[in-house]
Every structure is written in C-alpha cells, then in structure tokens.
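See structure below.
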Amino acid sequence: MRYFLRHVYQQSQNLFEACLPSRCLLCHLSSHQALICQFCYKAILTERPCCLHCGCGLTNSQDFCGECLRHPFYFQQLHAIASYQSPFPELIKQLKYNNQLLYADLLGLLLASSIKQRYTAQQLQDIDFLIPVPLHITKHRKRGFNQAQLISDALIKHLPLPTMINSPLIRNKFTHAQEGLNRKQRTSNLKHAFSLHEQSSMSLKGKYVVLIDDVVTTGATINSLCQCLLAAEVSRIDVWCICRTELG
Numbered sequence: 573m574r575y576f577l578r579h580v581y582q583q584s585q586n587l588f589e590a591c592l593p594s595r596c597l598l599c600h601l602s603s604h605q606a607l608i609c610q611f612c613y614k615a616i617l618t619e620r621p622c623c624l625h626c627g628c629g630l631t632n633s634q635d636f637c638g639e640c641l642r643h644p645f646y647f648q649q650l651h652a653i654a655s656y657q658s659p660f661p662e663l664i665k666q667l668k669y670n671n672q673l674l675y676a677d678l679l680g681l682l683l684a685s686s687i688k689q690r691y692t693a694q695q696l697q698d699i700d701f702l703i704p705v706p707l708h709i710t711k712h713r714k715r716g717f718n719q720a721q722l723i724s725d726a727l728i729k730h731l732p733l734p735t736m737i738n739s740p741l742i743r744n745k746f747t748h749a750q751e752g753l754n755r756k757q758r759t760s761n762l763k764h765a766f767s768l769h770e771q772s773s774m775s776l777k778g779k780y781v782v783l784i785d786d787v788v789t790t791g792a793t794i795n796s797l798c799q800c801l802l803a804a805e806v807s808r809i810d811v812w813c814i815c816r817t818e819l820g
C-alpha cells in the first residue's frame with residue numbers, strides 16, 4: 573500500500589512538472605520547468621526605496637512621502653513589488669486581457685517572495701483574512717475571472733496565510749475605467765461603488781485583513797474599500813499589490 577501511494581504521488585508530481593513551461597515567461601530562456609528562471613527571479617525582486625505607508629517610490633532615504641500628508645490613506649501600510657514599470661505592465665496585461673492565467677501564478681509567486689522580504693513569519697500569522705478587490709459582476713462575467721482573486725489564490729500557495737473568505741465586499745457600481753482620471757474624478761467615480769454583505773460585518777470585527785489588487789494608482793479605490801471595512805470595525809488593513817504607480 574505504501575509503495576502504491578508513493579507511486580501515485582510520484583506520477584502526480586511528474587504530471588504537474590510536465591505542465592510547467594520549459595522556458596521562462598520573461599526572457600524565454602530555459603527555466604528548468606519553472607515559471608521563471610533564476611536570473612530573472614533575482615533581477616526582478618530588487619528592493620526599491622519607497623514610502624513605508626503608501627508604497628510610493630522615493631528618490632531619497634526618507635521613510636514617508638508628502639502624498640500621505642496631502643491625502644491620508646485609511647490602510648496601515650501598502651506593499652508593492654515594484655513601480656508600474658517593465659516587465660509588470662506586460663505581465664498584468666497578459667493575464668487580464670489575453671486570458672493567460674498562468675501569469676497569475678507567476679505574479680502570485682513574485683508577490684509572495686517580495687512579501688517575505690518585508691513581513692516576518694509572526695506578522696503573517698497575525699493576518700486573519702485576505703480579501704481580493706472585487707470586480708463588478710458585469711465585468712467579472714465579461715472577463716470570466718477576477719485577476720485579484722487569481723493572484724490571491726496563487727499567493728496562498730507560497731505563504732503561511734489563512735484561507736480566503738468569500739469576499740465580504742460588493743462592487744455595486746459599474747465604474748468607468750480609472751485610467752486617465754485625476755484624483756478628484758477617481759473619487760467621484762467611486763462614490764457609493766462598494767458596500768459590505770450584511771452578514772460579513774460581525775465576522776470582520778476586530779480582524780486584521782489584507783486587500784489584494786494588481787495595480788494601485790492614486791489609492792482612491794483602496795480608500796473606498798477601506799472605508800467599508802472600517803465601518804465593520806476591522807482592527808487593521810494592509811494592502812498588497814503587484815505595482816504601485818508613481819504619482820507626479
């Protein structure tokens with residue numbers, strides 16, 4: 573029986589490895605059946621100077637940026653792998669618009685590796701819930717998936733994190749694309765865009781939650797979501813994303 577189980581396990585591992593790409597998704601050189609080769613992995617995860625609160629890139633050694641003073645955020649801290657720069661826009665677009673779902677696994681892997689550089693094991697264990705930023709049901713049906721959900725699914729394979737709950741957040745409003753809008757327009761676009769499932773409020777009270785998204789620009793979407801969560805009396809909100817767009 574033990575031999576049989578070992579044989580089944582070995583065969584399943586062989587099948588899994590056979591499904592992995594033989595070439596790196598970034599440089600397209602041999603990756604030894606990994607999503608990304610070691611050269612690209614090390615090159616892409618370089619530390620960057622950024623605001624310890626909102627995650628915006630900084631050009632000097634200060635800890636916090638002026639943006640946080642001008643436009644307060646409701647989360648405790650935001651962690652991003654990088655600014656919105658190559659190769660991340662290409663990877664995100666492959667996932668969102670070309671239905672290349674394998675890129676969600678790559679982005680989740682990279683985000684997990686980046687998080688390990690900033691959070692201790694104890695800090696990760698303190699987290700109660702991961703919550704992907706929701707899509708409106710119309711957009712979800714059209715795209716067929718929520719990219720933040722897929723990245724979250726990949727993320728929990730590589731970190732000691734709690735299983736995600738069904739999102740307590742509802743996107744009520746089909747908002748226009750945020751790209752190209754200034755801060756005031758983004759805030760107006762998101763007015764009354766989100767709400768909470770009534771039954772979720774009690775389960776969130778006093779909890780430490782992390783919002784997951786692909787790209788954070790001005791933070792207007794995240795701030796709107798944070799207001800809903802704070803109304804449910806969560807104790808702390810962090811944000812994890814792939815890219816944090818630099819503000820001008």
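Numbering follows this note's numbering, with no gaps: position 44 of the sequence shown is 616.
For glycine and all other residues, C-beta sits at the position ideal for the given N, C-alpha and C.
Because the structure is a prediction, the values reported are computed rather than measured.
- For Leu683, the enclosing alpha helix (DSSP H) covers residues Leu674 to Lys688.
- Burial state of Arg816 is buried, judged by a 10 Å Cβ sphere holding 16 or more other Cβ atoms.
- The residue among Glu818, Pro734, Ser686 and His604 with its C-alpha nearest the C-alpha of Asp698 is Pro734.
- Rounded to the nearest whole angstrom, the C-alpha separation of Ser796 and Leu597 is 34 angstroms.
- About 11 angstroms separates the CB atoms of Ile794 and Phe766; that is not less than 8 angstroms, and the two are not in contact.
- Between Cys640 and Cys622, the CB-CB gap reaches or exceeds 7 angstroms.
- Apart from the 5 residues on each side of it in sequence, Leu681 sits with its Cβ closer than 7 angstroms to the Cβ of Leu607, Ala726 and His730 in its chain, given in chain order.
- In terms of Cβ geometry, Trp812 and Val782 form a close pair [threshold 7 angstroms].
- Unbroken beta strand (DSSP E) runs of no fewer than 3 residues, entirely contained in the region 768-819, are found at 780-788 and 808-816, following chain order.
- In the same chain as Ala693, and ignoring 5 residues on each side of it, the C-beta atoms closer than 8 angstroms to its own belong to Pro732, in chain order.
- Rounded to whole angstroms, His643 and Leu776 show a C-alpha spacing of 26 angstroms.
- Using a C-beta cut-off of 8 angstroms, the region 626-638 makes contact with the region 648-657, since at least three inter-stretch Cβ pairs fall below that distance.
- Contact between Leu673 and Leu722 holds, since their C-beta atoms are separated by about 6 angstroms, short of 8 angstroms.
- Sequence-distant partners of Leu617 (beyond 5 residues in either direction) whose C-beta falls short of 8 angstroms from its own C-beta, in its chain, are Ile653, Leu682, Ser685, Ser686 and Gln689.
- DSSP places Cys637 outside both helix and strand once states are collapsed to three, so it counts as coil.
- In this structure, the beta-carbon distance from Ile784 to Pro704 falls below 7 angstroms.
- Assignment of Gln694 by DSSP, reduced to helix, strand and coil, places it in the helix class.
- In this structure, the beta-carbon distance from Gly791 to Phe660 does not fall below 7 angstroms.
- In the three-state reduction of the DSSP assignment, Ile664 falls in the helix class.
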